[in-house]
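Trainee: Pasting a structure below so you can have a look.
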Amino acid sequence: MAGDGITTRLQKDMGVMQKDMGLMQQELAQLQTNVSQMDTRIESRFKEFHETIKVGIQTELQNFFDQYVGRATPTTQGQTLDKGKEVLGGTPLGFPPKESLLLSLIVRSSHGGINSRASTLDSMGRNSKFECPRFDKANFRRWWSKLEQFFEAEGILEQDKETYVCGLQERFGSFNFTDPMTELVTLK
0 MAGDGITTRL QKDMGVMQKD MGLMQQELAQ LQTNVSQMDT RIESRFKEFH ETIKVGIQTE
60 LQNFFDQYVG RATPTTQGQT LDKGKEVLGG TPLGFPPKES LLLSLIVRSS HGGINSRAST
120 LDSMGRNSKF ECPRFDKANF RRWWSKLEQF FEAEGILEQD KETYVCGLQE RFGSFNFTDP
180 MTELVTLK
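Quick note: the sequence shown uses numbering that gives the first Met the number 0, first residue 0, plus one each step.
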C-alpha cells in the first residue's frame, strides 16, 4: 500500500477539526466548572441576604407589634413618662382621675382573689394603643370578636374581664358607650 503515508487535504482538514473539537470540549468543561462555582457563590450570598432580610423583618415586626400592644421596647425603656400630664393639663370634667380607677381595680383584685395583672396594666407605664370597641347595634358577632381581640391584646384574663369593664364604666360613666361626637354635633 503505497498510499498509507499520503494524506489528502480532506484528511488534514478532518484532523484539524478534531483537534479544534477537543479544545472546544475542554473550554466547555472549564466554563461549566466556572458556572457551577459561580452558582454556588451566588446561592450562598443569596442565603446570607435572605437571612439578613428575614432577621430584619422579624425585628421590625416585633418592634411594631410591641409598640402597638404596649410592651416596652429597648428604644422606649429609657424614656420617662410624665405622670399626671393629661390633655390640656387635667382630667376631663365629670370623670374620676385615672389613679382612682387603678386603685379601685387594685382594691377589687386584692379582695376578690382576682389576678392583679389586669389591675397593674397602666401602673407599669404601658400605654395601650387599642381602644375598647363600642357596640354599634349593627353586627353583634363582629363587635364580640373585636372585644375578644381587645381583651387578648390587653392581656386581660377571663376572670378579670368583668372587673376591667366595671373599671371602665367607673372611669367613663355608664353612658352605654354613646358616641360623644354626635352629642357635640347636636349641641351646635
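The C-beta atom is built at its ideal place from N, Cα and C for all residues, glycine as well.
1. Check the C-beta distance from A152 over to V68 and give it rounded, since I have them as a contact under 8 Å.
2. With a threshold of 6 Å on Cβ separation, who are the neighbours of T75 within its own chain once the five nearest residues in sequence on each side are excluded?
3. Where do the N-terminal and C-terminal ends of the alpha helix (DSSP H) with N189 fall, by residue?
4. Quick check on K198: does DSSP put it in helix, strand or coil?
5. Can you have a look at Q78 and say buried or exposed, based on whether 16 or more other CB atoms are within 10 angstroms of its CB?
6. With the cut-off set at 7 Å, would you say C131 and F149 are in Cβ contact?
7. How long is the line joining the alpha carbons of A18 and A28, rounded to whole angstroms?
8. With DSSP as the reference, label K136 as helix, strand or coil.
9. How long is the line joining the alpha carbons of T32 and T39, rounded to whole angstroms?
Mentor: On the basis of the coordinates in this document:
1. Along the sequence shown, one-based indexing puts residue 152 at 153. Along the sequence shown, one-based indexing puts residue 68 at 69. Indeed, because the Cβ distance is near 6 Å, the residues count as touching under 8 Å.
2. Counting from one through the sequence shown, the residue named residue 75 turns up at place 76. Below a pLDDT of 50, predicted positions are generally treated as unreliable, and T75, at 44, falls in that range; no measurement from the model is reported.
3. Within the shown structure, residues of the chain are numbered from 0 to 187, placing residue 189 beyond reach of any answer.
4. Here the chain comprises residues numbered 0 to 187, so residue 198 is not present and cannot be evaluated.
5. For this step, residue 78 is matched to residue 79 along the sequence shown. Note that Q78 scores 45 on pLDDT, short of 50, meaning its location in the model is unreliable; the coordinates nonetheless yield the value given after this. Exposed is the call here.
6. Stepping through the sequence shown from its first residue, residue 131 is reached at position 132. Stepping through the sequence shown from its first residue, residue 149 is reached at position 150. It is a contact, given that the beta carbons lie within the stated cut-off.
7. Looking up residue 18 in the sequence shown gives position 19. Looking up residue 28 in the sequence shown gives position 29. Ala is not the amino acid found at residue 18; the sequence shown has Lys there. Between the alpha carbons of K18 and A28 lies a gap of roughly 15 Å.
8. Here residue 136 corresponds to residue number 137 of the sequence shown, with the count starting at 1. In the structure shown, the three-state DSSP call for K136 is coil.
9. As a working mapping, residue 32 is identified with position 33 in the sequence shown. As a working mapping, residue 39 is identified with position 40 in the sequence shown. Taking the CA atoms as reference points, T32 sits about 11 Å from T39.
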